[in-house]
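Accompanying notes for the structure given below.
Number of protein chains: 2
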Amino acid sequence: MTLEYIHQLIRDVPDFPKPGIVFKDITPILEHGEAFGALTRHLAERVPTNVNKIVAIESRGFILGSAVAQHLRCGLVIVRKPGKLPRATLRESYDLEYGSDALEVHEDALRLGDRVVVMDDVLATGGTAAAAERLCERIGAQVLTSVFLMEIEALCGREKLKNPFVSLIRV
Amino acid sequence: MTLEYIHQLIRDVPDFPKPGIVFKDITPILEHGEAFGALTRHLAERVPTNVNKIVAIESRGFILGSAVAQHLRCGLVIVRKPGKLPRATLRESYDLEYGSDALEVHEDALRLGDRVVVMDDVLATGGTAAAAERLCERIGAQVLTSVFLMEIEALCGREKLKNPFVSLIRV
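The listed protein sequences correspond, in order, to chains A and B.
All the letters of the first sequence, read from the start, carry residue numbers 1 to 171 under my numbering.
All the letters of the second sequence, read from the start, carry residue numbers 172 to 342 under my numbering.
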């Protein structure tokens, strides 16, 4: 199944979560077993073969990261909003349009020498993905690349990323 | 890899998210590629072969549901907290110890005749799982069974479920 077919399953939802934003709804891909399988293989093809852990960003990143980790038989590390992970964490803040937010990872989730790929559904402003990169590197892991289903080019998220990345679809 | 080995990777975290609660942290399973793969296969073995969609409850259910859907090559439907899904939804409320909460599903995520399995990491009080069952059935889907990694028997969640269910580990 081609990326073009998968792309046309994504629904644009205007004014969500707030006026002026066009939300990219990927749930129709997930609900379509064949499309979800094909998307997972397309994403997995972009992951370097020496990866040992996928790092997935809450919460749609969990869905894509889990499927890819399962496909590649590698481990999955979850990066969450503050207060969600139960044990000792590292935290990285990032700027939002107004104010800031943060991401956390368990401090023992990665080790020196881990080779990771950061995964999320959308690269928008790049704040969360860049924070995830910093979390991995503070622990001593090597970020091989980041992989996104979609990149919203107008928001220039690529400028915030320190390491290589790939997006399957650019809008 | 046996369920006993997978079970001993789960970490008990006392007093999280609040005093008196012992949180069951499954992240060490996910981070261990071989254990995560084995867990996915153990979960998938409990899914009837005539399933066509896995229904995953936010947010750790997303991880397990996605891996199992990928393994079985079936679709994935996500059930989320209110306000997270962008299009028209159905909502079901459930009681908490103090107050209530709710879950939503896109109203077009399931169809009459879909055969679904509800999936989450933990069956505790059963409120969320029972709400997910009701959402599926309101749309006309058949809930074949629910599958949980873990059941906390003392919380009697099984009494709230209308349909069959299975849990890999009982604590």
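Every residue, glycine too, gets a C-beta built ideally from N, C-alpha and C.
Does the distance from the C-beta atom of I57/A to that of F233/B stay below 8 Å? no
Given a limit of 8 Å on CB to CB distance, which residues of the segment 189-201 of chain B reach chain A? F194, D196, T198 and L201
Using 10 angstroms around the beta-carbon of T27/A, count the other beta-carbons present and answer buried if the total reaches 16, otherwise exposed. buried
Selection of the segment 246-264 of chain B by Cβ proximity to chain A, strictly under 7 Å: G246, L247, V248, I249, P257 and R258
Measure from the C-beta of G311/B to each C-beta in chain A and report whether the shortest distance is under 8 Å. no
Going by DSSP, which residues form a beta bridge with T2/A? T2/A is not bridged to any residue.
Status (buried if at least 16 other CB within 10 Å, exposed otherwise) for T423/B: The question about residue 423/B has no answer, for chain B in this structure spans 172 to 342.
Straight-line gap, A312/B to H178/B (C-alpha atoms, nearest Å): 32 Å
Roughly how many angstroms lie between the CA atoms of L155/A and R138/A, to the nearest whole one? 26 Å
What is the residue span of the alpha helix (DSSP H) that F23/A lies within? Segment V22 to D25 is the beta strand (DSSP E) holding F23/A; no alpha helix (DSSP H) there.
Identified DSSP bridge partners for V118/A: V55/A and S146/A
How is H178/B classed by DSSP in three states: helix, strand or coil? helix
If you draw a straight line from the C-alpha of A44/A to the C-alpha of V143/A, how long is it? 16 Å
Whose C-alpha, out of P253/B, L283/B and F319/B, is nearest the C-alpha of E275/B? P253/B
Which residues of the segment 99-117 of chain A have a Cβ closer than 7 Å to any Cβ of chain B? Give them in chain order. H106 and A109
Could you check what DSSP says for A88/A in three-state terms: helix, strand or coil? coil
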